[in-house]
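Here the structure is laid out as structure tokens; the discussion comes afterwards.
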Ligand SMILES: [Zn+2]
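Residue numbers (the UniProt record's numbering): 1 to 316.
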């Protein structure tokens, strides 16, 4: 028998599943291999531009990343990212351009990760999130942080080199923690940020600071934002979040005791925070008092794992 909990537990968050693409990093410095791979007839290329790609709704109802053979793509070594090889030996490249190509047919349309991440297959979503993360990093790291000289792309998009001082710069990922905190009655702590619309509540989250462990960041953020004292912290799952360069690291955390569960919001990041039992949250969603989670964020998934079954969804 499949219970709601089984279903909720088996469904992956966007970008956390295995895409089936081997990144084959050992090829990135092999220019001869890359050139041969680029011109191979089965190689597939897609354009990434300012976080967007072209997607296409297939007749069977699925949505695909629009790719072309490399010979139809403009020749370039400058803005070419090698993303990997799938189980059939197909090599994938992303081509970074200032704009997306014109519409290729009636159904192809531009989409960012927040939309495409919900629609694409695990393989296509994995390719897209890799390309978007590289593009964001390339765009924001054009100059050497050591000497200030303009840097050049290398390693098929995965390194920037400084021609003046020889420094090599690697893609940057900023870890952030996101946590479903529960109290001794197994209620969940959800908060509403200052700029969020009325009724939108979600899990607390925050960036990891220098010199801080992930567990410490969970406890510090929850205490700073909501005044709640956290005891146990358990890792759940992580999610690439290239807006522009984060990795969301998801946790379950427990308030140390009833006294530690008393809420005092900071009023800076959080406007309000509340403990919800499952019955209260279900009723709040049903009445519209609280808006259900939407989109690709791991936040909805963390709430769902606690709730025990799928939550009501809304598009967007
Ligand atoms: Zn330099």
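All residues carry an ideal CB built from backbone N, CA and C; glycine is no exception.
Can we say the stretch 231 to 249 touches the stretch 276 to 289, given the rule of at least three CB pairs closer than 8 angstroms?
-> no
Is there contact between the stretch 51 to 63 and the stretch 109 to 121, where contact requires at least three CB pairs shorter than 8 angstroms?
-> yes
From 290, 241 and 53, pick the residue whose C-alpha is nearest to that of residue 102; which is it?
-> Locating residue 102 in the chain shown gives position 102, counting from the first residue. Looking at the Cα atoms, 53 is the closest of the given residues.
Using only alpha-carbon positions, find the residue among 147, 146, 113 and 149 that is nearest to residue 135.
-> If you number the chain shown from 1, residue 135 lands on position 135. That would be 113, whose Cα lies nearest to the Cα of residue 135.
Alpha carbon of residue 261 to alpha carbon of residue 303, nearest angstrom = Within the chain shown, the letter at position 261 stands for residue 261. Within the chain shown, the letter at position 303 stands for residue 303. Those two C-alpha atoms are separated by around 18 angstroms.
Count the other CB atoms within 10 Å of the CB of residue 42; is the residue buried (16 or more) or exposed (fewer)?
-> By 1-based counting over the chain shown, the position of residue 42 is 42. Result: exposed.
Ignore the nearest five residues each way along the sequence and tell me which others in residue 16's own chain have a CB closer than 6 angstroms to its CB.
-> Taking the chain shown and counting its residues from 1, the one referred to as residue 16 is at position 16. So the qualifying residues of the chain are 237 and 239.
Under the three-state reduction of DSSP, which class applies to residue 212: helix, strand or coil?
-> If you number the chain shown from 1, residue 212 lands on position 212. In this structure, residue 212 counts as coil in the three-state DSSP scheme.
Mapping DSSP to helix, strand and coil, what is residue 27?
-> Taking the chain shown and counting its residues from 1, one reaches residue 27 at position 27. Residue 27 falls in the helix class under three-state DSSP.
Over what stretch of residues does the beta strand (DSSP E) that includes residue 83 continue unbroken?
-> Along the chain shown, read from residue 1 onward, the residue named residue 83 stands at position 83. Element bounds for residue 83: 80 to 85.
Where residue 26 falls, given that 16 or more other Cβ within 10 Å makes a residue buried | Position 26 of the chain shown holds residue 26. That one is exposed.
Three-state class that DSSP yields for residue 311 in the structure shown = As a working note, residue 311 is residue 311 in the chain shown. If DSSP states are grouped into helix, strand and coil, residue 311 belongs with coil.
Can you tell me which of the three DSSP states residue 124 falls into?
-> As a first step, residue 124 is located in the chain shown; it is residue number 124 there, counting from the start. Here residue 124 sits in helix by DSSP.
Mind listing, in chain order, the residues whose beta carbon lies closer than 6 angstroms to a non-hydrogen atom of ligand 1?
-> 144, 146, 147, 149, 162, 164, 165 and 167
Using the C-alpha atoms, what's the distance from residue 180 back to residue 298?
-> Looking up residue 298 in the chain shown gives position 298. Looking up residue 180 in the chain shown gives position 180. If I take the Cα positions, the gap works out to 10 angstroms.
Mind listing, in chain order, the continuous alpha helix (DSSP H) runs of no fewer than 4 residues lying wholly within the UniProt domain "Nudix hydrolase" (171 to 298)?
-> 214 to 226 and 278 to 287
Does DSSP classify residue 35 as helix, strand or coil?
-> Position 35 of the chain shown, counted from the first residue, corresponds to residue 35. Residue state, collapsed to three classes: helix.
Going by the beta-carbon positions, is the gap between residue 93 and residue 80 smaller than 7 angstroms?
-> Within the chain shown, the letter at position 93 stands for residue 93. Within the chain shown, the letter at position 80 stands for residue 80. A contact, by the Cβ cut-off of 7 angstroms.
Can you name the start and end residues of the beta strand (DSSP E) that residue 65 belongs to?
-> Here residue 65 is taken as the residue at index 65 of the chain shown, counted from 1. Start and end: 63 to 65.
Measuring CA to CA, which of 83, 44 and 49 is closest to residue 69?
-> As a first step, residue 69 is located in the chain shown; it is residue number 69 there, counting from the start. Of the listed residues, the one whose Cα sits closest to residue 69 is 44.
Do you know whose CA, among 189, 205 and 158, lies nearest residue 175's CA?
-> In the chain shown, the residue the question calls residue 175 occupies position 175. Closest by alpha carbon: 205.
Beta carbon of residue 125, beta carbon of residue 20: below 7 angstroms?
-> Looking up residue 125 in the chain shown gives position 125. Looking up residue 20 in the chain shown gives position 20. Contact: no.
With a cut-off of 8 angstroms, do at least 3 Cβ pairs link the stretch 164 to 173 to the stretch 267 to 274?
-> no
Quick one, are the C-beta atoms of residue 255 and residue 186 less than 7 angstroms apart?
-> Residue numbering aside, residue 255 sits at position 255 when the chain shown is read from its first letter. Residue numbering aside, residue 186 sits at position 186 when the chain shown is read from its first letter. For residue 255 and residue 186, no; Cβs fall outside 7 angstroms.
Work out the CA separation of residue 285 and residue 168 for me, nearest whole Å.
-> Here residue 168 is taken as the residue at index 168 of the chain shown, counted from 1. Here residue 285 is taken as the residue at index 285 of the chain shown, counted from 1. When rounded, the distance between both Cα atoms is 50 angstroms.
8 angstroms contact criterion, which residue 263 and residue 231 should meet: CB distance rounded = Taking the chain shown and counting its residues from 1, one reaches residue 263 at position 263. Taking the chain shown and counting its residues from 1, one reaches residue 231 at position 231. Going by Cβ atoms, the distance from residue 263 to residue 231 rounds to 16 angstroms, so no, they are not a contact pair.
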